[in-house]
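Asks: My questions will all concern the structure given below.
Number of protein chains: 2
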Amino acid sequence: MTIKKTDKTSITRLSKRGVYDEASIYAILDDALVCTIAFVQDNEPFQIPTGFCRIGDQLYIHGSVGSHYMRHLAEHKSKVCISVMHIDGLVLARSAFHHSVNYRSVVMFSEAVRVDDKEEIYQSLEVFTNKMQPGRWADVRKPTDNEWKATMVLKFKIEEASAKVRTGAPKDDEEDYNLPIWAGVVPLQVERKAPIVDPEMKLSVPLPEYLKYARD
Amino acid sequence: MTIKKTDKTSITRLSKRGVYDEASIYAILDDALVCTIAFVQDNEPFQIPTGFCRIGDQLYIHGSVGSHYMRHLAEHKSKVCISVMHIDGLVLARSAFHHSVNYRSVVMFSEAVRVDDKEEIYQSLEVFTNKMQPGRWADVRKPTDNEWKATMVLKFKIEEASAKVRTGAPKDDEEDYNLPIWAGVVPLQVERKAPIVDPEMKLSVPLPEYLKYARD
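Line by line, the protein sequences give chains Z and B.
Residue 10 is where the first sequence starts when you use this note's numbering, and the numbers rise one by one after that.
Residue 10 is where the second sequence starts when you use this note's numbering, and the numbers rise one by one after that.
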């Protein structure tokens, strides 16, 4: 068990929505393509939305060695706050006040560590690519030495983290249930649509099996 | 024209993706249900994902007067960095290195201002509710005096902001176009599914017209 509940990660507002177990936190992270990374520079807040993947208790991001913020995080071993958020539905209550959304979010606090080990960099990019599109890594041209050298990978230990989750129907005030107002949930879902082939394809290559899940 | 391009908002990495015009920035903001708000507390980075709406050149959030972070932002007139991110597609290139996503993001820097004017608070909640679900505000029970008093609204001027956008097909290295690898884009789209009525409905109320867009 690597998750620590601290003052910074304890949910104080609507505390019943707080979730602290590793499996739930990992599942919410793994379901997200991007996170936002907040850090402090010259006493001011910055944040960057970026892709990521998780391997064990580490969250990995990658970018160019020329990226300002990657270099800043690496050089300063910066403290960061990382969040991911899924919106699963609009919660339409009878009262404006009780309108809400169903969501799953994670907020974690960590520090940037530059990954220098070549095997670890390779593995993180493979996991990252296959997270984005399962089956893709085996199918594509692998990075050249120059491409590897142009890539910076940072990792963040997932240790001080918590999740917050809301599910289900609206909760209205008792007397409002008698109002003639429709109430319920509009589910939201991120859907993968039918793949669009690159118009610059020179060869006729059939759609790979791993992309055939997609529908229009 | 209220948008200023500054050192902090100039896109340095892949600068051709930088977008600085007000209309584009507003459209990306308006298309998002949630943003993340980063701020500094005790020299450490924090961030909160939260719903928001835009009215003119102001971004509004609301929360409970009991919320720690809302109170912190209000009391310190905190500097913030706010971001929103849409992922519009997976960009599957021939090489692992050129894999990407199509996205629209905004990053802005601003300062928290507590809204005390009652009319402005009312307007922001109406816009917020109708952004979440067009047509909803006219249909629901409006806030009571006690509910208004329990609600804190903060606003942030949209002034120092930039967007970053990627669209279209993969860009591969010239020689890779001859490889027998499928390349293209998998579009991602957030879909509203068929509304689920609250099982606690006491009265039989038909689905409102404004919810009939939804499909399964």
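Heads up, the beta-carbon is just placed ideally off N, CA and C, and yes, glycines get one too.
Roughly how many angstroms separate the alpha carbons of Ile64 of chain B and Val136 of chain B, rounded to a whole number?
Replies: Within the second sequence, numbered from 1, the residue matching residue 64 of chain B stands at position 55. Within the second sequence, numbered from 1, the residue matching residue 136 of chain B stands at position 127. Distance between the alpha carbons of Ile64 of chain B and Val136 of chain B: 8 Å.
Asks: Ends of the alpha helix (DSSP H) at Lys221 of chain Z?
Replies: Translated into the one-based positions of the first sequence, residue 221 of chain Z becomes position 212. Per DSSP, Lys221 of chain Z belongs to no alpha helix (DSSP H) and is neither H nor E.
Asks: Who pairs with Val100 of chain Z in a beta bridge, going by DSSP?
Replies: Position 91 of the first sequence, counted from the start, is the residue given in the question as residue 100 of chain Z. According to DSSP, Val100 of chain Z bridges with Z:Ser109, Z:Val194.
Asks: Buried or exposed: Thr21 of chain B, going by 16 or more other Cβ atoms within 10 Å of its Cβ?
Replies: Taking the first residue of the second sequence as position 1, residue 21 of chain B is located at position 12. So Thr21 of chain B counts as exposed.
Asks: Give the single residue among B:Ser19, B:Lys25, B:Pro217, B:Val93 whose Cα lies nearest to the Cα of Gln142 of chain B.
Replies: Taking the second sequence and counting its residues from 1, the one referred to as residue 142 of chain B is at position 133. Closest by alpha carbon: B:Pro217.
Asks: Determine, for Glu209 of chain B, whether the minimum Cβ-Cβ distance to residues of chain Z falls below 8 Å.
Replies: On the second sequence, residue 209 of chain B is found 200 positions in, with the first residue counted as 1. Chain Z contact via Cβ: present.
Asks: Report the rounded CA-to-CA distance for Glu183 of chain Z versus Leu38 of chain Z, giving the unit in angstroms.
Replies: Here residue 183 of chain Z corresponds to residue number 174 of the first sequence, with the count starting at 1. Here residue 38 of chain Z corresponds to residue number 29 of the first sequence, with the count starting at 1. Glu183 of chain Z and Leu38 of chain Z: Cα-Cα distance of roughly 36 Å.
Asks: Is the shortest distance between the beta-carbon of Met141 of chain Z and the beta-carbons of chain B less than 8 Å?
Replies: Along the first sequence, read from residue 1 onward, the residue named residue 141 of chain Z stands at position 132. True, the Cβ-Cβ gap to chain B drops below 8 Å.
Asks: Helix, strand or coil: how does DSSP classify Ile167 of chain Z here?
Replies: Within the first sequence, the letter at position 158 stands for residue 167 of chain Z. Ile167 of chain Z falls in the coil class under three-state DSSP.
Asks: Quick one: which residues of the region 125-140 of chain B get their C-beta closer than 9 Å to a C-beta of chain C? List them in chain order.
Replies: Of the protein chains in the structure, Z and B, none is chain C.
Asks: Can you check which of these residues, Z:Lys158, Z:Val206, Z:Asp16, is closest to Met117 of chain Z by C-alpha distance?
Replies: Here residue 117 of chain Z refers to the residue found at position 108 of the first sequence. Comparing Cα positions, the closest option is Z:Asp16.
Asks: What are the residues that DSSP puts in a beta bridge with Lys9 of chain B?
Replies: Since the displayed chain B opens at 10 and closes at 225, residue 9 of chain B lies outside it and no answer follows.
Asks: Select from B:Leu163, B:Asn139, B:Val100 the residue whose C-alpha is nearest the C-alpha of Lys127 of chain B.
Replies: Along the second sequence, one-based indexing puts residue 127 of chain B at 118. Looking at the Cα atoms, B:Leu163 is the closest of the given residues.
Asks: Do we get a CB-CB distance below 8 Å when we pair Arg123 of chain B with the residues of chain Z?
Replies: Taking the first residue of the second sequence as position 1, residue 123 of chain B is located at position 114. So no, Arg123 of chain B is outside the interface.
Asks: What is the DSSP secondary structure of Ala41 of chain B, reduced to helix, strand or coil?
Replies: By 1-based counting over the second sequence, the position of residue 41 of chain B is 32. Three-state DSSP puts Ala41 of chain B in coil, outside helix and strand.
Asks: At a cut of 8 Å, does the region 172-191 of chain Z reach the region 72-82 of chain Z through at least three beta carbon pairs?
Replies: The region 172-191 of chain Z vs the region 72-82 of chain Z: no contact.
Asks: Roughly how many angstroms separate the alpha carbons of Tyr29 of chain B and Ala172 of chain B, rounded to a whole number?
Replies: Locating residue 29 of chain B in the second sequence gives position 20, counting from the first residue. Locating residue 172 of chain B in the second sequence gives position 163, counting from the first residue. The straight-line gap from Cα to Cα measures roughly 6 Å.
Asks: Please report the distance separating the alpha-carbon of Arg26 of chain B from that of Leu134 of chain Z.
Replies: The residue labelled residue 26 of chain B in the question sits at position 17 within the second sequence. The residue labelled residue 134 of chain Z in the question sits at position 125 within the first sequence. Cα-Cα distance, rounded: 23 Å.
Asks: Whole-angstrom Cβ separation of Phe61 of chain B and Phe55 of chain B, contact assumed at under 8 Å?
Replies: Mapped onto the second sequence, residue 61 of chain B falls at position 52. Mapped onto the second sequence, residue 55 of chain B falls at position 46. In fact, because the Cβ distance is near 17 Å, the residues do not count as touching under 8 Å.
Asks: Could you please give the first and the last residue of the uninterrupted alpha helix (DSSP H) stretch that includes Thr138 of chain Z?
Replies: In the first sequence, counting from the first residue as 1, residue 138 of chain Z sits at position 129. Looking at the DSSP string, the run of the alpha helix (DSSP H) that includes Thr138 of chain Z is 127-141.
Asks: Between the alpha carbons of Val115 of chain B and Ser33 of chain B, how many angstroms are there, rounded?
Replies: Here the question's residue 115 of chain B lines up with position 106 in the second sequence. Here the question's residue 33 of chain B lines up with position 24 in the second sequence. Each residue's alpha carbon lies about 9 Å from the other.
Asks: Looking at Leu68 of chain Z and Gly193 of chain Z, is the spacing between their C-beta atoms short of 8 Å?
Replies: For this step, residue 193 of chain Z is matched to residue 184 along the first sequence. For this step, residue 68 of chain Z is matched to residue 59 along the first sequence. Not a contact, by the Cβ cut-off of 8 Å.
Asks: Which residue comes first and which comes last in the beta strand (DSSP E) that contains Glu53 of chain B?
Replies: As a position in the second sequence, residue 53 of chain B is number 44, starting the count at 1. Segment 53-60, the beta strand (DSSP E) holding Glu53 of chain B.
Asks: Using the Cβ count rule (16 or more neighbours within 10 Å means buried), how would you classify Asp181 of chain B?
Replies: Numbered from its first residue, the second sequence carries residue 181 of chain B at position 172. It counts as buried.
Asks: Return the residue from the list Z:Ser109, Z:Ile96, Z:Asp40 that minimises the CA-CA distance to Leu23 of chain Z.
Replies: Position 14 of the first sequence holds residue 23 of chain Z. Looking at the Cα atoms, Z:Ser109 is the closest of the given residues.
Asks: Could you check the C-alpha separation between Asp185 of chain B and Asp40 of chain B for me, to the nearest Å?
Replies: Position 176 of the second sequence, counted from the first residue, corresponds to residue 185 of chain B. Position 31 of the second sequence, counted from the first residue, corresponds to residue 40 of chain B. Going from the Cα of Asp185 of chain B to the Cα of Asp40 of chain B covers about 36 Å.
Asks: In chain order, what residues of the same chain have a beta carbon less than 7 Å from the beta carbon of Val93 of chain B, not counting five sequence neighbours either side?
Replies: Position 84 of the second sequence, counting from 1, holds the residue named residue 93 of chain B. Taken in chain order, the residues that qualify are Ile37, Leu38, Ala41, Cys44, Ser114, Val115.
Asks: Assuming Lys14 of chain B and Ala105 of chain Z form a contact by the criterion Cβ under 8 Å, report the distance between their Cβ atoms to the nearest whole angstrom.
Replies: The count along the second sequence starts at 1 and reaches residue 14 of chain B at position 5. The count along the first sequence starts at 1 and reaches residue 105 of chain Z at position 96. That belief does not hold up - the Cβ atoms of Lys14 of chain B and Ala105 of chain Z are roughly 38 Å apart, past 8 Å.
Asks: In chain B, which residues lie less than 9 Å from Thr205 of chain Z when you measure between Cβ atoms?
Replies: Taking the first residue of the first sequence as position 1, residue 205 of chain Z is located at position 196. Sequence inspection shows Ile at residue 205 of chain Z; the Thr mentioned does not correspond to that position. Result: Gly98, Ala178, Gly193, Val194, Val195, Pro196.
Asks: Would you please state the rounded distance, in angstroms, between the beta carbons of Lys166 of chain Z and Ser119 of chain Z? I believe it to be under 8 Å.
Replies: The sequence position of residue 166 of chain Z within the first sequence is 157, counting from 1. The sequence position of residue 119 of chain Z within the first sequence is 110, counting from 1. The pair is a contact, with the Cβ atoms about 5 Å apart (cut-off 8 Å).
Asks: Quick one: give me the first and last residue of the alpha helix (DSSP H) that Asn187 of chain B is part of.
Replies: Counted from its first residue, the second sequence places residue 187 of chain B at position 178. It is not in any alpha helix (DSSP H) - Asn187 of chain B carries neither H nor E in the DSSP assignment.
Asks: What is the DSSP secondary structure of Lys173 of chain Z, counted as helix, strand or coil?
Replies: For the purposes of this step, residue 173 of chain Z is identified with residue 164 of the first sequence, where counting begins at 1. Of the three classes helix, strand and coil, the one that applies to Lys173 of chain Z here is strand, per DSSP.
Asks: Pull the bridge partners of Val162 of chain B from the DSSP assignment, please.
Replies: Position 153 of the second sequence, counting from 1, holds the residue named residue 162 of chain B. The partner list for Val162 of chain B (beta bridge, DSSP) reads B:His71.
Asks: Which residues share a DSSP beta bridge with Ala147 of chain Z?
Replies: As a position in the first sequence, residue 147 of chain Z is number 138, starting the count at 1. In the DSSP output, where bridge partners are listed per residue, Ala147 of chain Z has none listed.
Asks: For Gly22 of chain Z, name the three-state secondary structure that DSSP assigns.
Replies: Counting from 1 along the first sequence, the entry for residue 22 of chain Z is found at position 13. As written in the sequence, residue 22 of chain Z is Arg, which differs from the Gly given in the question. Residue state, collapsed to three classes: coil.
Asks: Are Glu200 of chain Z and Glu200 of chain B close, meaning C-beta to C-beta below 8 Å?
Replies: Taking the first residue of the first sequence as 1, we reach residue 200 of chain Z at position 191. Taking the first residue of the second sequence as 1, we reach residue 200 of chain B at position 191. Closer than 8 Å, so yes.
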